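**Q** Sending over a structure as C-alpha cells; questions will come in a sec.
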Amino acid sequence: MKNAFRILFISLFFVACQQKITPADVSKINGYWEIEKVVFDQGKDKDYGMNESYDYFQIGKNNSGTRKKVMPQLDGTFLVNNTYENVTIRFADDKAFLDYSTPFTKWSEELISLSEDKMVLKNPEKKEYHYKKTGPINLLGDGKKTK
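Taking my numbering, the leading residue of the sequence shown gets 4, the next gets one more, and so forth.
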C-alpha cells in the first residue's frame, strides 16, 4: 500500500511540474532552432551532433507565421529555399499546439516546454523533439557581420 501512495505522489508531482505555455511565451519561439535529440515512445533517444539544417520560426503577434528549413554556411550566412510551412499557435485544454499547414497536408505538434534557449515538441507519434536555440556560425573569422 505504501508503494501505491509513493507512485501516486510522484505522478502528481510530475503532473504539477509540467510547464504551462502562455500566449506571452510565443515570442520565444522566433529564431533558429537546432535539434539536439529525439526521444521515441519506447524511451530510446537519438542524439544529434551537428545538424546540416536548422528550423527557423517566425511567429507574429497574431500567433501565426512560418517555419523554414535553413542550412548554415561557414561564413555565417544561411542557404534558404522557398519551401516553408505555415504555423499557427493554438491553445486548448491548458496546452499549446503548433498547427502546421502546407498546400499538401496539415498536422499538429504539442509544445511541451519552451524557454529562451530550449524547446520540446511532441508529434502525434509521441516522438519528442528536443531543440536548442542557435544562430549563425562563422568559422572563417573574416570579421564580416552575419545576417
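Idealized CB from N, CA, C, for every residue including glycine.
All figures in this text were calculated on a predicted structure; none of them were measured in a lab.
Please list, in chain order, all residues of the same chain as D28 whose beta carbon is under 6 Å from its beta carbon, the five residues on each side excluded.
**A** L117
**Q** Measuring CB to CB, does I62 end up less than 8 Å from I24?
**A** no
**Q** Under 8 Å by Cβ, that's how I've got T86 and K72 pegged, so tell me the actual separation to the nearest angstrom.
**A** Contact between T86 and K72 holds, with the beta-carbon distance rounding to 7 Å and staying under 8 Å.
**Q** Using three-state DSSP, classify E56 as helix, strand or coil.
**A** Inspection of the sequence shows that residue 56 is occupied by Ser rather than by Glu. It is coil, neither helix nor strand.
**Q** Can you tell me the Cα-Cα spacing of W3 and N89, whole angstroms?
**A** What the structure shows of the chain is the stretch from 4 to 150, and residue 3 is not part of that stretch, so it cannot be assessed.
**Q** Using CA atoms only, rank isn't needed, just tell me which of P106, K40 and E131 is closest to G52.
**A** K40
**Q** Just mark E55 as buried or exposed, buried being the case when its beta carbon has 16 or more other beta carbons within 10 Å.
**A** exposed
**Q** Where does D78 fall in DSSP's three states?
**A** Three-state result, D78: strand.
**Q** Measure the Cβ-Cβ separation of G68 and F81 and say whether it is below 8 Å.
**A** no
**Q** Alpha carbon to alpha carbon, how far is G34 from E119?
**A** 10 Å
**Q** Please list, in chain order, all residues of the same chain as L77 whose beta carbon is under 8 Å from its beta carbon, the five residues on each side excluded.
**A** I140, N141, L142 and L143
**Q** Say yes only if the C-beta of N54 is nearer than 7 Å to one or more non-hydrogen atoms of the ligand ZN, and no if none qualify.
**A** As for the ligand ZN, it is missing from this structure, which has no ligand bound.
**Q** Buried or exposed, going by whether 16 or more other CB atoms sit within 10 Å of the CB of D58?
**A** By the beta-carbon neighbour count (other beta carbons within 10 angstroms, threshold 16), D58 is buried.
**Q** Check the C-beta distance from E113 over to K125 and give it rounded, since I have them as a contact under 8 Å.
**A** 5 Å
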